[in-house]
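Notes follow the structure.
Protein chains: 2
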Amino acid sequence: MPSASRTARDLARVELTRAILDSAREQLREVGPAALSVRAVARDVGMVSSAVYRYFPSRDSLLTALLVEAYDDLGEAVERAHAAAAGSPPAVRWRVACHALRDWARDQPHRYALAYGSPVPGYVAPADTVAPAGRVATVLLGIVGRVTADRPAADRGPGPGSPAVSDAEARSVEPVGRLLDPPLPPAETARLLGAWATLLGHVSLELFGHLENAVLDLDVHFAHLLDLLVADLGLPEG
Amino acid sequence: MPSASRTARDLARVELTRAILDSAREQLREVGPAALSVRAVARDVGMVSSAVYRYFPSRDSLLTALLVEAYDDLGEAVERAHAAAAGSPPAVRWRVACHALRDWARDQPHRYALAYGSPVPGYVAPADTVAPAGRVATVLLGIVGRVTADRPAADRGPGPGSPAVSDAEARSVEPVGRLLDPPLPPAETARLLGAWATLLGHVSLELFGHLENAVLDLDVHFAHLLDLLVADLGLPEG
DNA sequence: CTGTCGCGAGAGCACCGCTCTCGTTCTCTC
DNA sequence: GAGAGAACGAGAGCGGTGCTCTCGCGACAG
């Protein structure tokens, strides 16, 4: 049975690949991406360093694997939290999804930093990373999209006090709006992109220590920030 | 004249220190903070690596110096832009200051990443960095503060559609509001912190490539984002 | 003139990413 | 069942790194 024996060999390979990834993830947590050492990983899994190169062609490819994994893990966490709140009002689902993102980031700051922190110079994320990277944004886009689609046409357009969207801006954000069917109107798309920036901006500031002596209770402030976003996006509370 | 000779000696020292910093800054731009090499800096300034340690006790201290320098440089850029717009309406000064931040970041992405990107694990920013780090935020705080202080008391408090600020959130953001005299009210402080997160979040997303295939014209979108913030903060246009 | 101190050079340590070679072992084909 | 071929782990080695230590030199102070 050749297929069985090939499976056995491949099984050993995937297991060792997993062991390497596990060790690398642990080392990423302990010493950070810059100091991630192939030799240390090899020592950890009981190999010599050159043997690791049978599984990952370079240190960068190891980091890339960790990056994709991080995007996927975060995306899954947010998707699961959102799914668990299915049936709740949009505002609640928005808060749940955003809290899931922040909780994941606080729980695994090193992996969040890998995904949304400064990229390693000279390193370009391969195409495999774009799909997992979009999962979180897709969830939020879906929440806003459903609300806008269900809203009577009279309520469309910028609310009172909201600046008008220029034609140039409408064209500019169109690729994002077009991800939905029906497409999200430009005003809402721009607002959502702003909320996305607020969300990641706050989490980054918080995680990277820039709010250290400025905001006393980060949980409370984040909740208030979500209230502001919910209001700005016009998400129904009930 | 002992003081003169000592001055001469110290002059040579500060000049060499500056040469090292210049070289390090250049290398930071080319290869990034992770690959910044003391030996390469030494080669660049015509020394042997051990000699550099007479000026900076470690590679980290060299990075710290670059970090402080970056904060100061950015702060100065924003302050200068804001000063040049003195007399203009608050909304205009807000836009000018924010554009200065984004322009600086786009011009020197490596230094922005050093300041607001993921911190190097195991590295804690010394106390010298907090003062320069606050300069940019202080400018924005000042713009909003003047507006709020000048506004008639009847217009205070959350606008229509703005969520109320809980007591806990009011206490939480109080350290920031207290930086101004008179202190910025909690609702405005929270809004400003949100705007700060939006600003840095957008610049980070833009610089780190997360808006690559999402937003076509980043200039246009950033301008619209500023319009949204101006409206949310209630900054007068004239 | 002598002692002290800061400086740059050099050697050296332990580590790194990565390459190459070598002997072994396992799988597939005839 | 035997041989071809691929995959594998080990080891040596290259050029690089941060950092330490020692050394000799020159400038300054007493």
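Order-wise, the sequence lines are chains Z and H.
Per the working numbering, the very first residue in the first sequence carries number 18; after that it's consecutive.
Per the working numbering, the very first residue in the second sequence carries number 18; after that it's consecutive.
C-beta atoms are modelled at their ideal positions from N, C-alpha and C, and glycine is treated no differently.
| query | result |
| --- | --- |
| In chain order, what are the residue ranges of uninterrupted alpha helix (DSSP H) at least 4 long that sit wholly in the stretch 112 to 165 of chain H? | 126 to 133 |
| Kindly give me the distance between the Cβ atoms of V164/H and P74/H, rounded to whole angstroms, as I take these residues to be in contact under 8 Å. | About 46 Å; that fails the 8 Å criterion. |
| Among A148/H, S183/H, S221/H, which has the Cα closest to the Cα of N230/Z? | A148/H |
| Rounded to the nearest angstrom, what separates A214/Z and P202/Z at their Cα positions? | 18 Å |
| Go ahead and pull the three-state DSSP assignment for S22/H. | Low confidence applies here, because S22/H scores a pLDDT of 48, under 50, leaving its location unreliable and the question unanswered by this model. |
| Give a yes or no on whether 8 Å exceeds the smallest Cβ distance from D249/Z to chain H. | yes |
| E32/Z by DSSP, collapsed to three states: which one? | helix |
| Would you say S40/H reaches chain Z, if we count a Cβ-Cβ gap shorter than 8 Å as a contact? | no |
| Shorter than 8 Å from the beta carbon of G194/Z to some beta carbon of chain H? | no |
| Indicate whether S221/H and S189/Z have their beta-carbon atoms separated by less than 8 Å. | no |
| Please state the DSSP three-state secondary structure of R195/H. | coil |
| Counting pairs of beta carbons, one from the stretch 90 to 99 of chain Z and one from the stretch 233 to 248 of chain Z, are three or more of them closer than 8 Å? | no |
| Find out if the Cβ-Cβ distance for the pair L91/H, L131/H is shorter than 8 Å. | no |
| Please classify L28/Z as buried or exposed, where buried requires at least 16 other C-beta atoms within 10 Å of its C-beta. | exposed |
| Could you tell me the alpha carbon to alpha carbon distance between V48/H and R56/H, rounded to whole angstroms? | 14 Å |
| When you compare each of M64/Z, D167/Z, D198/Z, D184/Z to V207/Z by their alpha carbons, which one comes out closest? | The displayed chain sequence assigns Ala, not Val, to residue 207/Z. Out of M64/Z, D167/Z, D198/Z, D184/Z, D184/Z has the C-alpha closest to the C-alpha of A207/Z. |
| Quick check on T215/H - is its C-beta less than 8 Å from some C-beta in chain Z? | yes |
| Between L38/Z and A103/Z, which are expected to be in contact by the criterion C-beta below 8 Å, what is the C-beta distance as a whole number of angstroms? | That belief does not hold up - the Cβ atoms of L38/Z and A103/Z are roughly 32 Å apart, past 8 Å. |
| Can you give the Cα-Cα distance for L245/H and G194/H, rounded to whole angstroms? | 22 Å |
| Please classify V31/Z: is it buried, with 16 or more other beta-carbons within 10 angstroms of its beta-carbon, or exposed? | exposed |
| As a quick exercise: from L243/H, L242/H, G211/H, pick the residue whose alpha carbon is nearest that of F239/Z. | G211/H |
| Quick one: grab the DSSP three-state call for F239/H. | helix |
| Reducing DSSP to helix, strand and coil, say where G255/H ends up. | coil |
| Under the assumption that P199/H contacts A150/H (Cβ atoms under 8 Å), give the Cβ distance between them as a whole number of angstroms. | Actually they do not touch by this definition, with Cβ atoms about 24 Å apart. |
| Using a Cβ-Cβ cut-off of 8 Å (strictly less than) and excluding sequence neighbours within five positions of V247/Z, which residues of its own chain qualify? | A108, W111, R112, E254 |
| Taking a contact to mean a Cβ-Cβ separation below 8 Å, would you say A41/H touches V65/H in this structure? | no |
| Thinking just about the alpha-carbon of each residue, which of S179/H, A181/H, E205/H is nearest to the one in E191/H? | E205/H |
| Are the Cβ atoms of L209/Z and L250/Z separated by less than 8 Å? | yes |
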